[in-house]
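K.L.:
These protein sequence lines are chains A and B, in that order.
When we follow full-length UniProt numbering, the leftmost residue of the first sequence carries the number 1, and every step to the right adds one.
When we follow full-length UniProt numbering, the leftmost residue of the second sequence carries the number 1, and every step to the right adds one.
Glycine is no exception: its CB is placed at the ideal position from the N, C-alpha and C atoms.
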Amino acid sequence: MILFLLLISRHGKIRLCKFFTPFTTKERNKIMKDCSGLVIGRSSRLTNFLEYSDFKLVFKRYASLYFVTGVTKDENELNILEIMHHFVELLDRYFGNVCELDIIFNFHAAYFLLDEIIIGGQVQETSKKAILKKISQQDLLLDEQFFKDDDKKK
Amino acid sequence: MSTMKLKEFIKAIRNCKQAKDERAVVSKESALIRNAFKEKNPKNRHRNIAKLLFVNLLGYPTQFGQVETIKCVASDDYTEKRIGYMALSQLMNESSELLMMVTQAIKNDLNSSKSNFIVALGLTSIAEISTEDMCRELYTEVKKLMRSTSSYIKKKAILAAVRIIKNIPDTIDDFMEVIDVLINEHSHSITLATMTLIQEIINIEPERVGTFRKYTKVLIKILKNLIHSGYAPEYDIQGIKDPFLQVRIIRVLGHLGEGNEDASDDMNDILTEIATSTEGSKGAANSILYECVRAIMLIEASSGLRALGINILGRFLVNKENNIRFIALTNLHKLVNIDYNAVQRHKTTVIGCLKDPDLVIKKEALDLIYQICKNTNVKGIVKELLNFLLTAEKEFKEDLANKICMAVEKYSPTKKWHVDTVIKVLTLAGSEVMDNFICSLITLIASTAELQNYSVNKTYFSMKENLEQSGLQQLGVWLIGEFGELLVSGQTMEMDDTPINVTEEEAVETIEKVMEHYKDKGDKGDVIIQYSLVALSKLTIRFESMKGKIQELIQNQVHNPNIEIQQRACEFMKLIDEDWDQHRLAIFEPMPFQGDENMLVDATERAVREEGEGDEDDLTQLKREAAPAQTHVPEESPLDDIFGINYDQQDESPDDNFDPLGDIFGGMGTDAPAPPSDPVSDPLGDIFGGGSATASASSGLGSDIFGGSPASQTPSDLFGSAPSAPAAPTYIAHEDSNIKVLFNFERDSMDSSTHRITAVYTNKSSSVLDSINMQISVKKYLNLQLFAVSSSSLQPMPTEQVTQEMKIQNTHEGKDPIVLRARITYTHVASGQKVVETKVLEGLPTGY
């Protein structure tokens, strides 16, 4: 299973973090710090996998963001890379040509999207169409004041 | 009250030029939010929580928002609820006690009839943050929702159940009947979730795999339909039909086929089809092929299917993408024990991977190469590895050097090659080599009279030119101390038959230089200085004429800041004193050596050199080949004469409180004054006392005190490491912080191919261990008879043991080794933790 997913900027800032299994705050902070150190600046020609603590890190850089997952040792690393790509494509379709700024200003939307793709560290839906449909249905239910107002200015 | 909108807040933070500006903005806004919470003003509550989430991402404390988060979750407003649930998983985790407060709100949401999305929020939070108590409270709802008419709810409920069974495994039974229904659903997401649930149940309770085997045919059919279905754009990735689902089903199939021939036969065709017809060079296709290989390696695959799997790995190994090559290496690694020859064919390619700039690949390749090593090919492989050692970068050198030593120790065909190779490694990367390999080499040399002269001369000249290589110095100093008289004998010949002349003075000067060089060089340096002190003391009986100089050198260390060195120096100064004249000879004499129990395999039993092997082999590559062309066996082995004197004492195993000094000297029949027995206050008592823990654990410290090869760098061990007589072989099958499982081997007296193994479980924890069990599966050429454990629970006392007998008949005795796959389970009662450990046991002792 996937234990956590981090989106880290080139400068080491955490743009999104989701822990699918309990970690203490101390552990979370250590993981975030260590992952930044391990992944940033690593040449794209090298493997996208690293051993870390009791689990494996699988990561990939998309434009200015590093997508980093920690997965249990029995996971299929190649499949995990595909899952991350699945998420990236969905972000892209949802925001329309997504960039780092979209995720910074609409981190909540990115979390909502993630909740429809992965639950408790397991993939729950593989159809992008189905995911986007459910997301737009839920967005309609949201308070316009909060969501639209903040968003429309973009 | 803050009126700033979320977007404005984020902008304000992004406008901060310096960290201190950011801190100011955050603390101001945090204070405003805190006040808003205090005033119990529900307006803009969700916006405030959202801001807190952003603050949390930036790494600032946000605990004060937890109570408000719970209120949001319980709110009737959908926006508040959604933001509340998001914050729940971000701001809290299982350890937050506040979670109990949210349980009722989640329960209400699970029963909500307003919207499926509200139910979904509740299910997601169960899957991610639920505690054991929450699961107990909510699992009946989840179970009900697993039969929901909405597949959107159903899939989320199944994944919530995955979390529930992890938290409270006793609910698994309850969910089994639901799976019967779910397995027949024709929906990608439901099948995917169901596979995840089955997988998790198997992880938690492996014995349930038998119950699931009835689904084998259904799963094969689902997989077949999926592969042969028409083009469905929403599930298509790079021309592959739903790779996520394919991977999941294949993984479950792998478990179902493991150790079961019928199930394995059933899935033979579909796996063959996937292995041959999955096309595409992109990630999706490769992820499926990889999963397929994993399944093939797990099940009882036909030889044809296995060959297909190995071919895939072969193709992966030459793939231009590093990720794929890495996968190939890790899996070939797992395959070594199953099909050695198939892996061995890729030897050259794997060695080529050592050139890769990627450290991850290099390390994996090195591990694999080590696995491929055998007695027959070790020379060739090590020769190639040594070439890499010359050019290896710092991070890799250590791994490489130690792996070479490990391979040499385990597989070296002759002792001479062992000596030559390890010395070569020490010359190139001496500081990287772990102590235990140096110690093994010392044991080997010390127990082989024919090699002592050769080794001491060879090392002496290498160490003089490679002062930086600490490992080499360690070996060299020890050898000079122990065999100094061979070095200065003048009998050793150069290649061209000119005798090598080393004087006693030169030898002592060499040690002096080493001590000078390693002064104040940290722990490693201090260890070398301690070795040097021991060596110098031994030389007091070998080089009588140098006694004055030696005394001076030891005296220099009496004020060393390192307390161990200081103490050692004081002790040796005392021993040089003439009071000890009559005992000194006995104390510093060379010591008898037997095999070293710390070695991977006992290398001391090997032949010294191969038949017809010349002495002038590839050693000449060393910078200066000063090694003798012929090794002169001393006419009378220096060991011989002491065997008679001291050796008998080996069996006198001292008890825990024995007074070691009294014991040695008493045993020698001398009337040495018995030292005070308090080992702490008396430095001399302490030398020997330091080793007593090690010694009493093994056998007879008595005769061993000064000769033992230092087994580790802890100074108190310098004298320890008593070689013990060969006993019935044992093997540590498993050891963790709670339990240790030791195998005792015995050959059946009637049938030499039958091994009787007694597994002895001991409890290392402070809690009762319960439900102890071990299951073992074996390859077809082994016949296994496994008996029940003598008791399934184990009290937390080191004296308590549980045993389990097994009998293994190896029908390929002598051809193939015994390899077991063991699954050890137990429950740590105090923490309630259930441990399942699956491992492959290899390298079991054979020649006994």
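Determine the extent of the beta strand (DSSP E) in which Asp770(B) is found, giving its start and end residues.
P.N.:
In the second sequence, the residue the question calls residue 770(B) occupies position 770. Unbroken beta strand (DSSP E) run through Asp770(B): 769-778.
K.L.:
Select from Lys282(B), Glu578(B), Asp269(B) the residue whose C-alpha is nearest the C-alpha of Arg306(B).
P.N.:
For the purposes of this step, residue 306(B) is taken as residue 306 along the second sequence, with counting starting at 1. Looking at the Cα atoms, Asp269(B) is the closest of the given residues.
K.L.:
Consult DSSP for Ser9(A) and reduce its assignment to one of helix, strand or coil.
P.N.:
As a position in the first sequence, residue 9(A) is number 9, starting the count at 1. Reduced to three states, the DSSP call for Ser9(A) is strand.
K.L.:
Would you grab the beta carbon distance between Thr604(B) and Leu441(B) for me? Rounded to a whole angstrom, and I think it's under 8 Å.
P.N.:
Here residue 604(B) corresponds to residue number 604 of the second sequence, with the count starting at 1. Here residue 441(B) corresponds to residue number 441 of the second sequence, with the count starting at 1. That pair is no contact at about 11 Å.
K.L.:
His188(B) touches chain A at which residues, Cβ-Cβ below 7 Å?
P.N.:
Counting from 1 along the second sequence, the entry for residue 188(B) is found at position 188. Going along chain A in sequence order, the residues near His188(B) (Cβ under 7 Å) are Thr126, Ser127.
K.L.:
Quick check: the segment 39-52 of chain A against the segment 285-298 of chain B, are there 3 or more CB pairs under 8 Å?
P.N.:
Too few Cβ pairs lie closer than 8 Å, so no.
K.L.:
Shorter than 8 Å from the beta carbon of Tyr111(A) to some beta carbon of chain B?
P.N.:
Here the question's residue 111(A) lines up with position 111 in the first sequence. Judged by the 8 Å Cβ criterion, Tyr111(A) is in contact with chain B.
K.L.:
Rounded to whole angstroms, what's the CA-CA distance from Thr631(B) to Phe543(B)? Just pull it up for me.
P.N.:
As a position in the second sequence, residue 631(B) is number 631, starting the count at 1. As a position in the second sequence, residue 543(B) is number 543, starting the count at 1. Below a pLDDT of 50, predicted positions are generally treated as unreliable, and Thr631(B), at 36, falls in that range; no measurement from the model is reported.
K.L.:
Going along the chain, which residues of the segment 25-48 of chain B sit with their C-beta nearer than 7 Å to a C-beta in chain A?
P.N.:
Those residues of the segment 25-48 of chain B that come within reach of chain A (Cβ to Cβ, closer than 7 Å) are His46, Arg47.
K.L.:
Put Gly37(A) into one of helix, strand or coil per three-state DSSP.
P.N.:
Along the first sequence, read from residue 1 onward, the residue named residue 37(A) stands at position 37. Looking at Gly37(A) - three-state DSSP - the assignment turns out to be helix.
K.L.:
So if I threshold CB-CB distances at 9 Å, which residues from the segment 22-52 of chain A count as touching chain B?
P.N.:
Correct list: Pro22, Phe23, Thr24, Thr25, Arg28, Asn29, Met32, Ser43, Arg45, Leu46, Thr47, Asn48, Phe49, Leu50, Glu51.
K.L.:
Is there a Cβ from chain A that is less than 8 Å from the Cβ of Gln386(B)?
P.N.:
Along the second sequence, one-based indexing puts residue 386(B) at 386. Reading off the sequence, residue 386(B) comes out as Leu, not Gln. Not one chain A Cβ lies under 8 Å of Leu386(B).
K.L.:
Phe105(A) touches chain B at which residues, Cβ-Cβ below 7 Å?
P.N.:
Residue numbering aside, residue 105(A) sits at position 105 when the first sequence is read from its first letter. The contacting residues are Lys7, Ile10.
K.L.:
In chain B, which residues lie less than 7 Å from Asp115(A) when you measure between Cβ atoms?
P.N.:
Taking the first residue of the first sequence as position 1, residue 115(A) is located at position 115. Here the neighbours are Thr124.
K.L.:
Could you tell me which chain A residues have their CB closer than 8 Å to the CB of Arg163(B), listed as they occur along the chain?
P.N.:
Taking the first residue of the second sequence as position 1, residue 163(B) is located at position 163. Correct list: Gly120.
K.L.:
In angstroms with no decimal places, state the Cα-to-Cα distance between Ala535(B) and Gly476(B).
P.N.:
Reading the second sequence from its first residue, position 535 is the one you call residue 535(B). Reading the second sequence from its first residue, position 476 is the one you call residue 476(B). Taking the straight line from one Cα to the other gives about 10 Å.
K.L.:
Starting from Phe4(A), find everything on chain B with Cβ-Cβ shorter than 9 Å and list it in chain order.
P.N.:
For the purposes of this step, residue 4(A) is identified with residue 4 of the first sequence, where counting begins at 1. The premise fails here: Phe4(A) is roughly 11 Å from chain B at the closest Cβ pair, so nothing lies under 9 Å.
K.L.:
What is the C-beta distance between Ala328(B) and Leu313(B), in whole angstroms, given that I count them as a contact (C-beta under 8 Å)?
P.N.:
Numbered from its first residue, the second sequence carries residue 328(B) at position 328. Numbered from its first residue, the second sequence carries residue 313(B) at position 313. Confirmed, about 5 Å.
K.L.:
Measure the alpha-carbon distance for Pro357(B) versus Lys394(B) and round it to whole angstroms.
P.N.:
Position 357 of the second sequence, counted from the start, is the residue given in the question as residue 357(B). Position 394 of the second sequence, counted from the start, is the residue given in the question as residue 394(B). Taking the straight line from one Cα to the other gives about 13 Å.
K.L.:
Tell me the DSSP bridge mates of Met493(B)?
P.N.:
Indexing the second sequence from 1 puts residue 493(B) at position 493. BP columns for Met493(B) point to Pro499(B).
K.L.:
The alpha helix (DSSP H) that contains Ala301(B), what's its start and end?
P.N.:
Numbered from its first residue, the second sequence carries residue 301(B) at position 301. No alpha helix (DSSP H) holds Ala301(B); DSSP gives it neither H nor E.
K.L.:
According to DSSP, is Thr846(B) part of a helix, a strand, or is it coil?
P.N.:
Indexing the second sequence from 1 puts residue 846(B) at position 846. DSSP places Thr846(B) in coil when its eight states are reduced to three.
K.L.:
For Leu467(B), name the three-state secondary structure that DSSP assigns.
P.N.:
As a working note, residue 467(B) is residue 467 in the second sequence. It is coil, neither helix nor strand.
K.L.:
Assign Tyr518(B) to one of three DSSP states: helix, strand, or coil.
P.N.:
On the second sequence, position 518 is the one that residue 518(B) refers to. The answer is coil: DSSP assigns Tyr518(B) none of H, G, I, E or B.
K.L.:
Of all Cβ atoms in chain B, is any one closer than 8 Å to the Cβ of Leu140(A)?
P.N.:
Here residue 140(A) is taken as the residue at index 140 of the first sequence, counted from 1. Closer than 8 Å: no.
K.L.:
With distances taken Cα to Cα, identify the nearest neighbour of Leu271(B) among Gly230(B), Ser303(B), Lys282(B).
P.N.:
Numbered from 1 along the second sequence, position 271 holds the residue referred to as residue 271(B). If we check each option's Cα against that of Leu271(B), Ser303(B) comes out closest.
K.L.:
For Tyr52(A) and Glu82(A), what's the separation of their Cα atoms in angstroms?
P.N.:
As a working mapping, residue 52(A) is identified with position 52 in the first sequence. As a working mapping, residue 82(A) is identified with position 82 in the first sequence. If you take the alpha carbons of Tyr52(A) and Glu82(A), they lie about 20 Å apart.
K.L.:
Residue range of the beta strand (DSSP E) that Tyr761(B) falls in?
P.N.:
Within the second sequence, residue 761(B) is the residue found at index 761, counting from 1. Its beta strand (DSSP E) spans residues 754-763.
K.L.:
Taking the alpha helix (DSSP H) that Ala17(A) belongs to, which residues open and close that run?
P.N.:
Mapped onto the first sequence, residue 17(A) falls at position 17. Here the sequence assigns Cys to residue 17(A), which means Ala is not the residue at that position. Run containing Cys17(A): none in the alpha helix (DSSP H); it sits in the beta strand (DSSP E), 14-19.
K.L.:
Report the residue from Ser127(A), Thr126(A), Gln124(A), Glu116(A) whose alpha carbon sits nearest the alpha carbon of Asp139(A).
P.N.:
Taking the first residue of the first sequence as position 1, residue 139(A) is located at position 139. Per the Cα distances, Glu116(A).
K.L.:
Where DSSP assigns a beta bridge to Arg163(B), which residues make up the other side?
P.N.:
As a first step, residue 163(B) must be located in the second sequence, where it is residue number 163. BP columns for Arg163(B) are empty, so no partner.
K.L.:
Taking only runs that begin and end inside the segment 3-76 of chain B, name each unbroken alpha helix (DSSP H) of 4 or more residues, in chain order.
P.N.:
Runs found: 6-14, 19-38, 45-58, 66-74.
K.L.:
Over the uninterrupted alpha helix (DSSP H) stretch that includes Phe396(B), give me the two end residues.
P.N.:
Mapped onto the second sequence, residue 396(B) falls at position 396. 394-411 is the extent of the alpha helix (DSSP H) around Phe396(B).
K.L.:
What is the rounded straight-line gap between the Cα of Thr72(A) and the Cα of Ile324(B)?
P.N.:
Here the question's residue 72(A) lines up with position 72 in the first sequence. Here the question's residue 324(B) lines up with position 324 in the second sequence. Taking the straight line from one Cα to the other gives about 19 Å.
K.L.:
In three-state DSSP terms, what is Gln246(B)?
P.N.:
Position 246 of the second sequence, counted from the start, is the residue given in the question as residue 246(B). Looking at Gln246(B) - three-state DSSP - the assignment turns out to be helix.
K.L.:
In terms of residues, what are the limits of the beta strand (DSSP E) holding Glu837(B)?
P.N.:
In the second sequence, the residue the question calls residue 837(B) occupies position 837. Element bounds for Glu837(B): 833-841.
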